[in-house]
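The letter at position 96 of the sequence shown is residue 96 when you use my numbering, and the numbering goes up by one with no holes.
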Amino acid sequence: MLEEEEKKKQKEEKERKREEQRQKKEEKKEEQKKRKEENQKEREKKRKEKEIKKQRKAIPSTKIARRKSKLLISAQNVTASISSRSSHSDASEFCQECHLKANNDEEFWIGCDSCSNWYHYTCLGLAGIPASNYWCCPECEICD
Numbered sequence: 001m002l003e004e005e006e007k008k009k010q011k012e013e014k015e016r017k018r019e020e021q022r023q024k025k026e027e028k029k030e031e032q033k034k035r036k037e038e039n040q041k042e043r044e045k046k047r048k049e050k051e052i053k054k055q056r057k058a059i060p061s062t063k064i065a066r067r068k069s070k071l072l073i074s075a076q077n078v079t080a081s082i083s084s085r086s087s088h089s090d091a092s093e094f095c096q097e098c099h100l101k102a103n104n105d106e107e108f109w110i111g112c113d114s115c116s117n118w119y120h121y122t123c124l125g126l127a128g129i130p131a132s133n134y135w136c137c138p139e140c141e142i143c144d
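Here it is in C-alpha cells:
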C-alpha cells in the first residue's frame, strides 16, 4: 500500500516536472518570437531611415544651396504650405508617412491643405515645391 502511494507521488512529481518544462519551452518560444518581431521592426525602421537618407540627397545639402533654393521658391511666388521643422508644434512634428521627427531645422515639410497633416518632402518623393497653391496629401487626393 505504501509502495503504491510512493509510486503515485513519484508519478505526480514527474508529471509536474514535465509540465514545468513544457511551460518553460513555451515561454522561451514566446521570448524568441518577441525578439524576432523586435528585430524585424528595427530592420524595417533602419531600412526606412536609409531610404529617407537616399531621398534627402536630392535636396541641396550646403547652406548656400539651401538658401539659393529658398530664394528661388520666393522668386516663383509660390505660396504652398511649407515650413521647417522648427515652426511646427509638437503634435505635428511627425511625418504622417514615415512617422519620424525631422532631424534638422533645414528639412522641408509640406502640409496638406485638406486634412492639415504634415509630410517630409523626401517621404513623398518631392524634389521641389508643387506648382499649385493648393496641395493635398496622397490620402486626401483619393478622397477628393
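Beta carbons are placed, not taken as given, at the ideal position from N, Cα and C, and that holds for glycine.
Excluding five sequence neighbours on each side, which residues of the same chain lie with their C-beta closer than 7 Å to the C-beta of Glu-42?
On the sequence shown, position 42 is the one that residue 42 refers to. Hits under 7 Å: none found.
I need the straight-line Cα distance from Cys-140 to Asn-117, nearest angstrom please.
Position 140 of the sequence shown, counted from the start, is the residue given in the question as residue 140. Position 117 of the sequence shown, counted from the start, is the residue given in the question as residue 117. So the two alpha carbons sit approximately 10 Å from each other.
Across which residues does DSSP place Lys-36 in a beta bridge pair?
Reading the sequence shown from its first residue, position 36 is the one you call residue 36. Beta-bridge pairing links Lys-36 to no other residue.
Closest by CA to Lys-48, which one among Gly-128, Cys-112, Pro-130, His-99?
Here residue 48 refers to the residue found at position 48 when the sequence shown is read from its first residue. It is His-99 whose Cα lies nearest to the Cα of Lys-48.
Compute the distance between the beta-carbons of Glu-97 and Cys-136, then report whether it is under 7 Å.
In the sequence shown, the residue the question calls residue 97 occupies position 97. In the sequence shown, the residue the question calls residue 136 occupies position 136. No; because the gap between Cβ atoms is not below 7 Å, this pair is not in contact.
Within the same chain, show all residues whose beta-carbon is closer than 6 Å to that of Cys-115, passing over the 5 residues directly before and after it, in chain order.
The sequence position of residue 115 within the sequence shown is 115, counting from 1. Once the five neighbours on either side are set aside, the close Cβ partners of Cys-115 are Cys-140.
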